[in-house]
Every structure is written in structure tokens, then in C-alpha cells.
Amino acid sequence: MKQTITDIINETIRKSDCRTRFREPLTGCAPADDPQFYRLREAAHPNHLLPGEMLPGARSVFAFFLPFDSQLVEKNRKHPYVSREWAEAYVETNQLIKDICEEICGYLADMGFNAAYEQPTHNFDSELLLSNWSHKHIAYVCGLGSFGRNTMLITGGGCAGRFGSLVTDAYLEPSAQTRPLYHPFCERCDYCARICPVSALRDGGFNKAACYRRLLEVNDFYNDLPLSDVCGKCACGPCALRDPAPNTSETVGA
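Numbering follows the numbering used here, with no gaps: position 185 of the sequence shown is 184.
Written out as C-alpha cells, the structure reads:
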């Protein structure tokens, strides 16, 4: 069943009319009763939904990552502001994730199972700037990566891309054990903190308000696009396209 779902992801990408190009999608699964989902009420949002609240009778949680191609990352890395292509990719990929979830839910329904999912983005508390269903935290529990200094989840394919997730009452074989919570490479690399245009990652912390103000400025700049509150400068460093070796001091010049 997991392979069929992966095939659905690839086929939905192939059939889509979005101009954004992706590398090979990554997927992961976790049991709906994994204790780590309870801990998300401390790590992500005090009212973060549990899988069983999203879907009564849930048995499995499925997460996937759509990694952007290297050309898109390079364009945004070198652009003096935020590249239009990056903003367009954000809009297109959010719709693509929704389409993928709909296709998977349809397949599961045909197999006699229920499934539910949350929107790819804009499902957050505007005061706390926290989501009550954080796709990247769900992906962490599903074994897809470790968190970087940039607060992104660094997967085997890097962190430049978008996550989606869903809950089902079908049994899906769990992935390998989750990775360390924080990526050890970040102890030696400060690229994202140096490159952030609003210094939101200074001193090992994360100024959510400063970051969000920047995102809204970008949305205003590209006001001919649908909501594009995006920046991505911190996601275009040495961990953008791969999982960097934790023992190296490699960085990308700012």
C-alpha cells in the first residue's frame, strides 16, 4: 500500500501543470499512537492536534516531502531579494500538496479506509505564529529528518521543499526510528543565521515575529500572485539539497 501511495504522489506531480520542478519525493510513516505526537503540544503548539483528533480511529500517519530542484534553490540563493520563481513555487506546491492528499484519500476510500488531512499552509495561530497541525513536526515523527538551526526539517534530500501529511485508519508499516531532534551539522554551520535578512536566527533563537513580517513584505512585493508569504533564504544553504555530513565544517558563503 505504501508503494501505491508513493506512486500516486509521483503520478500527481507528473500530471500537474505547475512549472516548479522537484527531485524524488521522500515519504515516512508512524503509528497514530506514537507517544511523540503527544510531545508536539510542547514542541509545536499547546493545542496541536493528535492523529485521533484529526481522524477518530486513526491507525497511521503518513508524511511526504517534495524537494525543490537545484536550479530553483540556486536562483533564490543568488537573488538580492526573493526570486519570483521561489514565490511561485510556494504557491504552486501548496496546491500540489492538496491535490496529492486528495488523490491519496480517494485511493484509500476505494480500499475501504478513511483519511483526513490539513491544508498545506495558513493553518496557524496568527497570534502565536504556531500551527495546530505542523507538517514538518509530523514529518519528524515519521522519521523524515532532524531540525536545523533554521527551524527547517533537514531530510535526506535537504530542507528546500514543502511537506504534506495525512492520517488514515489503514495500517501503514512504520518507517525507521526517528532521527535526532536537532541536526548535529548545525553546531558547525551558521549560514542561515548570517544570511537571514531580518536577523531572525541570532543567538541560537528564532524571532518568529521578525520572520513573519518579512514574509508579509514579500507577499506585498509579489502582490500579483496568490498569497506568497515566503522568503526561503535560510533554506538555500548547505542543507538545502541534501543531508550534510555532521562532522564537516562546510558552509556556503553569504
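Glycine included, every Cβ here is placed at the ideal spot set by N, Cα and C.
- Membership of Ala115 in the beta strand (DSSP E) is indicated by the continuous run Ala114 to Tyr116.
- Taking a contact to require three or more Cβ pairs closer than 8 Å, the segment 148 to 159 and the segment 0 to 18 do not qualify as touching.
- In the displayed model, Ala62 falls within a strand according to three-state DSSP.
- The shortest CA-to-CA distance from Ala43 to any of Lys1, Pro79, Glu23 and Asn131 is the one to Asn131.
- Within the same chain, Cβ atoms closer than 7 Å to the Cβ of Cys230 are found at Val81, Arg213, Leu214 and Val217, the five residues on either side in sequence being excluded.
- Annotation for Pro50: the continuous alpha helix (DSSP H) segment containing it runs Pro50 to Met53.
- For the options Ala208, Cys233, Pro173 and Ala169, the alpha carbon positioned closest to that of Cys188 is the one of Cys233.
- Under the three-state reduction of DSSP, Gly56 is assigned to coil, being neither helix nor strand.
- In this structure, Leu49 places its C-beta atom within 8 Å of the C-beta atom of Tyr37.
- For Gly203, the secondary structure class from DSSP, reduced to helix, strand or coil, is helix.
- Inclusion of Gly160 and Pro66 in the CB contact set at 8 Å is warranted, their separation being smaller than that value.
- Distance from the Cα of Gln118 is smallest, within the candidate group Asn93, Asp109 and Lys135, for Asn93.
- The beta-bridge partner set that DSSP reports for Ile153 consists of Ser145.
- Val90 has its alpha-carbon roughly 11 Å from the corresponding atom of Arg83.
- Under the DSSP definition of a beta bridge, Phe162 partners with Phe64.
- With 16 or more neighbouring CB atoms inside 10 Å of its own CB, Ser227 falls in the buried class.
- Taking a contact as a CB-CB distance under 8 Å, the pair Pro179 and Ser145 counts as one, their CB atoms being some 5 Å apart.
- Judged by DSSP in its simplified three-state form, Leu39 adopts helix.
- DSSP places Thr26 within a strand segment (E or B) once states are collapsed to three.
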